[in-house]
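One structure is given here, and the rest of the page talks about it.
There are 2 protein chains.
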Amino acid sequence: MEVNFENITTIGFDADDTLWVNETYFRDTEEKFAELLESYETKNKIDQELFKMEMKNLELYGYGIKGFVLSMIESALDLSNNKISQSTITEILKLGKKMIDHPVELLEGVEETLSQLQNRFRLIVMTKGDLLDQERKLERSGLSKYFHHVEVLSDKKEHNYKALLDHLNINVNEFLMIGNSLKSDVLPILNIGAKAIHIPFHTTWAHEMVSNDEIDQNGHLKLNEIKEILKYLN
Amino acid sequence: MEVNFENITTIGFDADDTLWVNETYFRDTEEKFAELLESYETKNKIDQELFKMEMKNLELYGYGIKGFVLSMIESALDLSNNKISQSTITEILKLGKKMIDHPVELLEGVEETLSQLQNRFRLIVMTKGDLLDQERKLERSGLSKYFHHVEVLSDKKEHNYKALLDHLNINVNEFLMIGNSLKSDVLPILNIGAKAIHIPFHTTWAHEMVSNDEIDQNGHLKLNEIKEILKYLN
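Shown next, in the form of structure tokens:
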């Protein structure tokens, strides 16, 4: 595929599952949540109901761990017909705190890649989720020094990106976004006329899945590892 | 007091309890929380323990309604020695959703003041708390059109303001902050060398209280109503 990155001045990096591991901890917590509720329902049903609850609450709670914990509690009450024990609620609160306080595990090649790009491009973290969580992860990651700054978006739709590029005075044809989610990091970026590189993570949250029909045919580069982007940006 | 705002190009407005009512809803929710727990403890003890819980969790949860709800649940379990009923937990979740979904009630004179300032200054909302909540409130308030953009800070300490002014290329001597909290909107701003106007709201969260000793003697203007700032900015 022909791709041309010669106008690029600014690169936006998604953070969760692009710079560091994230989805894995959500999956692990869902496993533990299902174990806590195993006397009430099958694992499959628990997974399904928790996901439905998250989607129902998404507009109110937005993305991030705190909303996820609130949805787990509501789901536990629902699934157990209000019989879930008080100590299980305490366990759910603890699962949430453990997620928030989890050490940051960088993905392979991230630091090497950023250090090679930092002098030639303006690098920005562009993530959705909880502001405090994302700032904390960036600080713990040791990657702060490579980034001009962090932008936390309440969502990653076209209008969110447009407003952000406007605010940062970045032309769409100067902007490249790199991330693991086709839905959040690639498709809206291509739709506003900027460039995108997709680097899939092995685990994708159901909410971030897109059907093949939605994938733009004439658009983005897909790579296996972050350091491969260096070949295209020199 | 002699104050000189002639270099000012950019005005930062705190949002909660400066542009619209906020603290009142937290106080109302605390009242309802105390009623839900009245069979276990006195109102005074419940208030104290909830506040302690919020402070204990602040580093992990940050500011905002979701963290407050999680702290209410943890506090209810604690105060009742794990005897709180499941339906009370559901009630607490509902209190939180009601807060998030509350209509926005503008403070007096806000719209008139912003409309008079918008063409002469760059106006920015600078708030701490939850990004999605704050964006939603701004949209519901109908005030978006007056602001260049919204900056949600994970905290409002000197280093947060410094990083933000750097990022926005704003000189400290061009910047004026307006807000209801001495601790968050006034003192750190004066300490970095920018200007501040304090407009107290009738209710202040205990966490935002400062002692008289911390109040800089030679620094800021204190006004009763937002529209009074127009007299100083012409």
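As you go down the protein sequences, you meet chains H and D in turn. So in my numbering, the last spot in the first sequence is 234, and the numbers never skip. So in my numbering, the last spot in the second sequence is 1234, and the numbers never skip. Note that the Cβ used here is the ideal one computed from N, Cα and C, for glycine as well. Keep in mind that this is a model prediction, so the values were computed, not measured.
Roughly how many whole angstroms lie between the Cα atoms of residue i and residue j?
i       : j       : result
H:K231  : H:K222  : 13 angstroms
D:H1198 : D:F1068 : 26 angstroms
H:R120  : H:V110  : 16 angstroms
D:I1170 : H:S144  : 21 angstroms
H:D166  : D:Y1161 : 22 angstroms
D:A1194 : D:V1003 : 12 angstroms
D:V1021 : H:I189  : 36 angstroms
D:D1078 : H:L93   : 12 angstroms
H:V49   : H:N234  : Sequence inspection shows Glu at residue 49 of chain H; the Val mentioned does not correspond to that position. Roughly 47 angstroms between the two C-alpha positions.
H:Q116  : H:L132  : 28 angstroms
D:K1056 : H:K227  : 41 angstroms
H:N191  : H:D185  : 11 angstroms
H:A206  : H:D28   : 15 angstroms
H:E91   : H:E41   : 18 angstroms
D:T1204 : D:E1031 : 15 angstroms
H:L36   : D:L1168 : 47 angstroms
H:G142  : H:L187  : 29 angstroms
D:E1139 : D:V1104 : 9 angstroms
D:E1023 : H:T113  : 45 angstroms
H:I84   : H:A34   : 12 angstroms
D:G1179 : D:H1149 : 17 angstroms
D:K1098 : D:F1026 : 11 angstroms
H:I229  : H:N44   : 38 angstroms
D:E1108 : H:F5    : 51 angstroms
H:L58   : H:S75   : 14 angstroms
H:H220  : H:H102  : 33 angstroms
D:M1177 : H:A196  : 38 angstroms
Does the beta-carbon distance from residue i to residue j come in below 8 angstroms?
i       : j       : result
H:L60   : D:I1100 : yes
H:M126  : H:F13   : yes
H:K156  : H:K137  : no
D:G1064 : D:S1154 : no
D:N1082 : H:S87   : yes
H:S80   : H:E54   : no
D:Q1118 : D:A1015 : no
H:Y146  : H:L123  : yes
H:F201  : H:T10   : no
H:V210  : H:K183  : yes
H:N7    : H:N173  : yes
H:I89   : D:I1089 : yes
D:S1181 : D:E1208 : yes
D:L1106 : D:L1019 : yes
H:D130  : H:K66   : yes
What residues match up with residue i in a beta bridge as DSSP calls it?
i       : result
D:T1238 : What is shown of chain D runs 1001 to 1234, which leaves residue 1238 of chain D out entirely.
D:K1098 : Answer is none; D:K1098 lacks a bridge partner.
H:I235  : The structure shown does not extend to residue 235 of chain H, since chain H is modelled only from 1 to 234, so the question has no answer here.
D:I1124 : D:G1012 and D:H1149
H:L221  : H:I197
D:L1106 : D:W1020
Legend entry - Residues of the region 1139–1167 of chain D with Cβ closer than 7 angstroms to any Cβ of chain H, in chain order: Taking 7 angstroms as the Cβ-Cβ cut-off, the region 1139–1167 of chain D approaches chain H at H1149, V1152, S1154 and H1167, given in chain order.
Inset, instruction - Pick out the complete alpha helix (DSSP H) segments inside the region 1141–1218 of chain D, 4 residues or longer, and give them in chain order. - result: Listed in chain order, the alpha helix (DSSP H) runs fully inside the region 1141–1218 of chain D are 1158–1167 and 1187–1191, counting runs of at least 4 residues.
Inset, instruction - May I ask you to list, following chain order, the residues of the region 1086–1101 of chain D that have a beta carbon less than 8 angstroms from some beta carbon of chain H? - result: Within the region 1086–1101 of chain D, the qualifying residues are Q1086, S1087, I1089, T1090, L1093, G1096, K1097, I1100 and D1101.
Inset, instruction - Output, in sequence order along the chain, the residues in the region 1057–1070 of chain D whose CB is closer than 7 angstroms to any CB in chain H. - result: Listed in sequence order: L1060, Y1061, G1062, K1066, G1067, V1069 and L1070.
Legend entry - Members of the region 122–138 of chain H near chain D, C-beta cut-off 7 angstroms: Residues L131, L132 and E135.
Inset, instruction - Could you name each continuous alpha helix (DSSP H) segment of 4 residues or more that falls completely within the region 48–96 of chain H, going from the start of the chain to the end? - result: Runs of the alpha helix (DSSP H) inside the region 48–96 of chain H: 65–79.
Legend entry - Contact list for the region 1190–1212 of chain D against chain H, Cβ threshold 7 angstroms: Legend: CB atoms of the region 1190–1212 of chain D lying less than 7 angstroms from CB atoms of chain H are not found in any residue.
Legend entry - Where the region 34–59 of chain H meets chain D: residues whose CB sits under 7 angstroms from a CB there: Residues: none.
Inset, instruction - Using a Cβ-Cβ cut-off of less than 7 angstroms, give me the residues of the region 10–37 of chain H that come near chain D, in sequence order. - result: So nothing in the stretch comes that close.
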